[in-house]
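A short write-up of the structure that comes next.
So this is what it looks like as structure tokens:
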């Protein structure tokens, strides 16, 4: 009996082997030509990039554009020796494009070229940005700004089989992020897929689960948007791009780090609306605000903001800059990176070892500024240069990572700054945290015995009572038993009962007595004790004050202070 062979199956397997061999050969050749290699089989092709080069020119040069961010064009090249490629490069350079070139297989190039036939079916995006259509924004607003509405939208987008499926998923995701006022997007890959989490009002919430294939497509699309390298998956990368919504540009900062099941991706949404609030609207207690109004108008010295990552330090400094900026003064900032762009202010950005905070400060002081903002004091050299700038007639604003305002002084001394220089320059230190603000649907209640026992003896609570008494919000001699706090009441619009955030602050003014402590002991406990004697309102006191007024909840204050 004759044997029967499955010719179709065998031919398919042979074709797959040959395709893999071709990819391996192209990867080896990419090293010979000094080019990056890319396999475009699983990647989405950017229609806006495709439009930059006409189809006849692309076929003649055996090269086609597959991604575009602003004027940076990713070019897939199959034959680096093609004579027409030189003319194509010159044409693109003359049009202002910077090229990122990738050597690709014939299969990858054919995939890009085949998309020219589909261009008439897709809409054109604005150059340099990922565009969210007004229709998508309207649909999410109609369904309500909730995680459930976002999940519904993502379910519909992931089930699509259109050519621009991945772009549609991102469009729904970004529209949901704006509707929910989320500040960060987290994509965390696992064995069975990637978990999408959103940071809303400072807290992370699980939002969706993508399958493995969709995660890899999203990964590639986000890398193309942000300018990260597609073929690097074993080390950290950073990038950024902009999102256009209703003619407004929103910057997005992206971080990729390798993990066991793929790259973890975090997108930070840098909404410029957050910097438009004046410093008087940040929730700073009137008692503290009066001192800050005086300090930010000094011609020299140093003002510091302290707190953990995400506590609003940079936003506070931006609000100060907006308040004091006039055409008569020159303000220069050095940041890592520039998160928000401010009109009329010179903003510079550090760049690895080429342009550090310390190198930037050396250059900035030669630019004759009146005010300098240093994004963060991280090391002794930057600290010393900032101190010297404050000594030589500049007002210096900066941030430093410490748990409290009083902790900033010992931290600077640990960096190598001499105490006598600190007492000559540092004027005021602002410590801060962010707490969620209660919605209008709150309800009052009396604290239970366990909570009462926990805070009744706190000196900060007594000080908060004094602040409430001064504003006649409680009667003199009142106790915790007489005081009502407020808690959230969930609604359909706000399932957790909170909306937006507000700061709780402490402002440490460096008085003569505190200068003496800095010179002789410099411990944070001694500095804080003296500041309290002089009437400093601590973050806990300010938080309790806001909780008693119904601005936030007691639980929020205790959570923020304990972090």
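Numbering (the working numbering), first residue to last: 930 to 1492.
Just so you know, even glycine gets a beta-carbon here, dropped at the ideal spot from N, CA and C.
The structure displayed is predicted, hence computed values, not measured ones.
Residues sharing a beta bridge with residue i, DSSP
{"i": "residue 1173", "result": "1060 and 1178"}
{"i": "residue 1183", "result": "1168 and 1196"}
{"i": "residue 1260", "result": "1300"}
{"i": "residue 1113", "result": "1128 and 1197"}
{"i": "residue 1372", "result": "1416"}
{"i": "residue 1276", "result": "1262"}
{"i": "residue 1230", "result": "1324"}
{"i": "residue 1029", "result": "1003"}
{"i": "residue 1134", "result": "1127"}
{"i": "residue 1430", "result": "1365"}
{"i": "residue 966", "result": "1032"}
{"i": "residue 902", "result": "Given that the chain is displayed from residue 930 to residue 1492, the structure contains no residue 902 and the question cannot be resolved."}
beta-carbon residue i near the ligand FMN non-hydrogen atom, thresh 7 Å
{"i": "residue 1005", "result": "As presented, the structure is devoid of all ligands, the ligand FMN included, so that no description of it is given."}
C-beta contact flag for residue i and residue j at 8 Å
{"i": "residue 1315", "j": "residue 1231", "result": "yes"}
{"i": "residue 1133", "j": "residue 1102", "result": "no"}
{"i": "residue 1366", "j": "residue 1428", "result": "yes"}
{"i": "residue 1477", "j": "residue 1414", "result": "yes"}
{"i": "residue 1339", "j": "residue 1453", "result": "yes"}
{"i": "residue 1061", "j": "residue 974", "result": "no"}
{"i": "residue 1041", "j": "residue 1107", "result": "no"}
{"i": "residue 1149", "j": "residue 1167", "result": "no"}
{"i": "residue 1343", "j": "residue 1305", "result": "no"}
{"i": "residue 1126", "j": "residue 1135", "result": "yes"}
{"i": "residue 1234", "j": "residue 1328", "result": "yes"}
{"i": "residue 1005", "j": "residue 969", "result": "yes"}
{"i": "residue 1436", "j": "residue 1220", "result": "yes"}
{"i": "residue 1114", "j": "residue 1195", "result": "yes"}
{"i": "residue 1095", "j": "residue 1122", "result": "no"}
{"i": "residue 1364", "j": "residue 1456", "result": "no"}
{"i": "residue 1038", "j": "residue 993", "result": "yes"}
{"i": "residue 1506", "j": "residue 1425", "result": "Coverage of the chain is limited to positions 930 through 1492, which leaves residue 1506 absent and any answer about it impossible."}
{"i": "residue 1214", "j": "residue 1474", "result": "yes"}
{"i": "residue 1290", "j": "residue 1303", "result": "yes"}
{"i": "residue 1124", "j": "residue 1193", "result": "no"}
{"i": "residue 1278", "j": "residue 1267", "result": "yes"}
{"i": "residue 1313", "j": "residue 1251", "result": "no"}
{"i": "residue 1240", "j": "residue 1361", "result": "yes"}
{"i": "residue 1197", "j": "residue 1182", "result": "yes"}
{"i": "residue 1416", "j": "residue 1371", "result": "yes"}
Cβ neighbour criterion (16 or more within 10 Å) applied to residue i
{"i": "residue 1375", "result": "exposed"}
{"i": "residue 962", "result": "exposed"}
{"i": "residue 1448", "result": "exposed"}
{"i": "residue 1345", "result": "exposed"}
{"i": "residue 1012", "result": "exposed"}
{"i": "residue 1177", "result": "exposed"}
{"i": "residue 1055", "result": "In this predicted model, residue 1055 has a pLDDT of only 40, less than 50, meaning its place in the structure is not dependable; the value taken from the coordinates is given anyway. Looking at its Cβ environment, which holds fewer than 16 other Cβ atoms inside 10 Å, residue 1055 is exposed."}
{"i": "residue 1025", "result": "exposed"}
{"i": "residue 1460", "result": "buried"}
{"i": "residue 1467", "result": "buried"}
{"i": "residue 1445", "result": "exposed"}
{"i": "residue 1186", "result": "exposed"}
{"i": "residue 1431", "result": "buried"}
{"i": "residue 1491", "result": "exposed"}
{"i": "residue 990", "result": "buried"}
{"i": "residue 1482", "result": "buried"}
{"i": "residue 1003", "result": "buried"}
{"i": "residue 1090", "result": "exposed"}
{"i": "residue 1331", "result": "buried"}
{"i": "residue 1053", "result": "In this prediction, residue 1053 has a pLDDT of 41, which is less than 50 and means its spatial position is unreliable; nothing more can be read from the coordinates."}
{"i": "residue 1065", "result": "buried"}
{"i": "residue 1472", "result": "buried"}
{"i": "residue 1485", "result": "buried"}
{"i": "residue 1323", "result": "buried"}
{"i": "residue 960", "result": "exposed"}
{"i": "residue 1337", "result": "buried"}
{"i": "residue 1282", "result": "exposed"}
Beta-carbon separation (whole angstroms), residue i vs residue j, contact threshold 8 Å
{"i": "residue 1299", "j": "residue 1263", "result": "Their Cβ separation, rounded to whole angstroms, is 15 Å, which puts residue 1299 and residue 1263 out of contact at 8 Å."}
{"i": "residue 1175", "j": "residue 1063", "result": "7 Å"}
{"i": "residue 1292", "j": "residue 1311", "result": "The pair is not a contact, with the Cβ atoms about 13 Å apart (cut-off 8 Å)."}
{"i": "residue 1495", "j": "residue 1170", "result": "Look at the range of the chain in this structure, 930 to 1492, and you will see that residue 1495 is not part of it."}
{"i": "residue 1137", "j": "residue 1080", "result": "6 Å"}
{"i": "residue 1120", "j": "residue 1045", "result": "About 38 Å separates the two Cβ atoms, so there is no contact after all."}
{"i": "residue 1356", "j": "residue 1439", "result": "6 Å"}
C-beta neighbour in chain B for residue i, strict 8 Å
{"i": "residue 1217", "result": "Absent from the structure: chain B. Only one protein chain is present."}
Identify every run of the alpha helix (DSSP H) within the segment 970–1005, keeping only runs that are complete inside it and at least 4 residues long; order them along the chain. 976–979 and 984–990
Would you mind listing the alpha helix (DSSP H) stretches within the segment 1278–1354 that are 4+ residues and don't spill past its ends, in chain order? 1286–1293, 1309–1320, 1337–1343 and 1348–1354
In the segment 1458–1490, which residue ranges form an unbroken alpha helix (DSSP H) of at least 4 residues, counting only runs that do not cross its ends? 1468–1477
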